[in-house]
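In our numbering, the protein residues as written are 94 to 318. Where is the CB? At the ideal position from N, CA and C, for every residue including glycine. Presented below is the structure to which this report refers.
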């Protein structure tokens, strides 16, 4: 049974989401502030996290940072927040969130996105049984550990970054359209916009070098050695 952390100071939202997610055979752990969320993360083998931004004691950004810096196993993160500006969305994704949903929302939408993230995570594990590593020049992508290595340097990746790198490095010099990248990383073209993919590509260029990821105007992106 998958385990999910719901971290939100609005208890009614947590209880509502718990009803829908438990109906999908998902075990739910509740936190009403960031401190409780981190305590649960340190105690339980959480598979996916729903995180509000505006929480007492430690805000959602702090919880996301904790997950990305202190968890050896990759955990998908979905932000649920009343903060609606583009800068808020970009910051959440930049810190390592895999999706960003604005309140108010439909509980069925949350449940669908949680199931999609879990399917995607399981698919990564299945695919890596046959192929363990992609190597292009000095850059290698470990498909078992979800780790990028740039020479001797280990570079952490979010799930979306990992999926995009797997797509691009798996077929060097092939041009991938934005829709193909969306479907590879999010499995839902409607969940993201052009700015989201630009943020992901910009972060990956910072991590592997801008010379490796080329923009092909009017078409998309390709990876070069």
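Which residues DSSP lists as bridging residue i, in chain order
i	result
residue 247	242
residue 96	120
residue 233	228, 242
residue 142	98, 170
Cβ pair residue i, residue j closer than 8 Å
i	j	result
residue 318	residue 230	yes
residue 122	residue 143	no
residue 96	residue 126	no
residue 287	residue 307	no
residue 294	residue 275	no
residue 130	residue 100	yes
residue 259	residue 236	yes
Span separating the alpha-carbon of residue i from that of residue j
i	j	result
residue 173	residue 199	11 Å
residue 161	residue 147	19 Å
residue 265	residue 132	42 Å
residue 204	residue 232	36 Å
residue 220	residue 152	A caution first: residue 220 carries a pLDDT of 49, below 50, which makes its placement in the model unreliable, though a value can still be read off. Distance between the alpha carbons of residue 220 and residue 152 is about 35 Å.
residue 297	residue 191	15 Å
residue 263	residue 238	16 Å
residue 250	residue 108	32 Å
residue 300	residue 179	23 Å
residue 111	residue 118	11 Å
residue 106	residue 169	20 Å
Contacts around residue i, its chain only, beta-carbon distance under 6 Å, and the 5 residues preceding and following it disregarded
i	result
residue 261	316
residue 223	Here residue 223 scores only 49 on pLDDT, less than 50, and its place in the model should not be relied on; the value that follows carries that caveat. Excluding residues within five positions, none has a Cβ falling inside 6 Å.
residue 244	231
Contact set for residue i: own chain, Cβ-Cβ below 8 Å, skip 5 residues either direction
i	result
residue 292	183, 186, 187
residue 102	125, 126, 145, 147, 148, 149
residue 282	Its pLDDT being 47, under 50, residue 282 is placed unreliably in this model, and the coordinates cannot settle the point.
residue 202	194
Proximal residues to residue i (C-beta, below 7 Å), its chain only, five neighbours per side dropped
i	result
residue 104	125
residue 114	97, 121, 204, 207
residue 289	186
residue 196	173, 174, 175
Neighbour flag for residue i against chain C, beta carbons, 8 Å
i	result
residue 300	Among the chains of the structure shown, chain C does not appear; only one protein chain is present.
With a cut-off of 8 Å, do at least 3 Cβ pairs link the region 225-245 to the region 123-143?
Short answer: they don't touch.
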